Structures are given as C-alpha cells and as structure tokens.
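Residue numbers (this note's numbering): 26 to 273. Even for Gly, the Cβ is constructed at its ideal location relative to N, Cα and C. All figures in this text were calculated on a predicted structure; none of them were measured in a lab. For reference, the structure discussed in these notes is given below.
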Amino acid sequence: MKHVNILSFAAMLGILGAFSGCTSTGPAESSEGAAGAEPSSSNNASMKGVFSSLSELHYTPTAEGAYKIAPNDLIEISVPRAPEFTGLKRRVDQNGRISINHAGVMKVSGLTQQQLERLLEQRLSSVLQNPHVDVFVEEQTSREVTVGGRVKKAGVFPLKSATTVSQAITMAGGLSELADPSNVVLFRPSSSGHFKAYHIDLKAIRAFKQRDPYVTGKDQIVAHESGSRVMMGRVLQGIRGIFSPFSL
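In structure tokens form, the structure reads like this:
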C-alpha cells in the first residue's frame, strides 16, 4: 500500500466544503460535446481555489506528445520483408538498453518510437537494403495510474496504451456499491511538485454530457463515497499529512 502526501490540510478542508455543497445533487452537467464540464454556478464558490479547471485536461490520446521509451518497457520490432527481424520483442533493461542481432546493444531510453525506428534502420542497413522498421511500445511501464477509494480493486496499474479516467476505473474493477459516480477526483502532479485536483463526474461522462479525459503517468484517481460525512476521516488524514487513495 502506498501512502502519498498529495494535498495540504487546507486543500483537504476545501475539498470537504466543496463536496458538502455538491454531494446531494451532484455538479451540473455540461452541454454535450464540451471539452470539460465546469461545476454549476451554485457550486462555483465552494469549489473555487480547490478544483482546477477541467479545460486543463487532455481529451485526445496524443495530447501528451510523443512518448519516450523508459527502462522496463516492452518493445516490439518489425521489419517488413525481413522475417528474422519481424515480431521481435525486447524488454528495455534497467540501464535503458536493448540488444538486437546485427544492430548490437543500443541505448533506447529517452528515445521516441520514431527515433528508435530511425536508429534501427541505420544499424540494420549493413545487412538489409533500405530497411523500413516499425516499432511499437507494447508496455509503457514507466507510466502508471493509481486508482483508490470506493472501487472494487484498488491498486497501481501500468498504462499500456492511451487510457481515460473511466477506463482506469474499469481497470480497478469498477466502482463499488458505496461509490458516488458524480464525485470522483483526479489528482495530477504539477511542475511545481504539488498536486492539482480535478472534479470528475462519471455520471455526466456516461450520459455523453461531459468528455472523458485521458490520464497521464503518475495520476491518482479517488472515487468517493456517496454523502459528505465520510470526508471528515479524510480531513483527519490531511492533518497527519497522510493521504492514501487505497483507504478512502
């Protein structure tokens, strides 16, 4: 079980106030096709300064930019018209390297998929004429999402492909019977080292009235229980400087 100090006590108090003001009715749903629904005007005052704008989130799988290969990633390599180099799978070692016949040992961590393709084409040109190499990162083990709270199987899950918030919750077995689908919080580390909180309404997403944002590496998702009284225990955790999405 991981314990992560995500929010300060003040922010936890803010979230308590925000949820106590919206758990009875849930946030207003946005119009269909909007990039992200903001809380209704009746809840804006209580949420101001606590939850960040949903417009900051990504709604397309390529919004994060090109993925860079990291140690422990699983890579599949294929070279059309060269069966001996097709379907090769290599796990990047802890030093960020892989080894391929006729290409030797290569440092691949930090490279994008396209950069590795060009490097392999250069290395294999000594044994193949004008090789075209396709690289697929089958497992992106450096990217993971933590899902906790009122879900059926809390844990840390590797992001093997583009994954939305609702898909991440499905990876955790889905919501439990006690969960309130309109009160899900996405925590994301910022460049300053602190975490931002985003209020996600799965009910609105399922009704196609809010878009389903994509998660990024190191995101943490907490599904909260219906009702505001349970938030007090979370405030006490904030006082102790302990925040664990598995126990919420």
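- Under the Cβ criterion (8 Å, minimum of three pairs), the region 213-220 does not count as touching the region 136-155.
- Under DSSP, K114 forms a beta bridge with E101.
- By the Cβ criterion, the region 160-178 is in contact with the region 96-116, since at least three pairs of Cβ atoms, one from each stretch, lie closer than 8 Å.
- Look at A193 here: in three-state DSSP terms it is helix.
- Annotation: A128 to L149 spans about 6 Å, alpha carbon to alpha carbon.
- Counting C-beta pairs closer than 8 Å gives fewer than three between the region 150-164 and the region 219-239, which falls short of the contact rule.
- Across the structure, Q154 and V240 are spaced so that their CA atoms are roughly 41 Å apart.
- If you check the CB distance, I230 and D237 come in under 8 Å.
- Annotated three-state conformation of Q245 is strand, per DSSP.
- Close CB contacts of F110 within its chain, under the 6 Å cut and outside five residues either way in sequence, are with V104 (chain order).
- Judged by their CB atoms, V130 and S124 are nearer to each other than the 8 Å cut-off.
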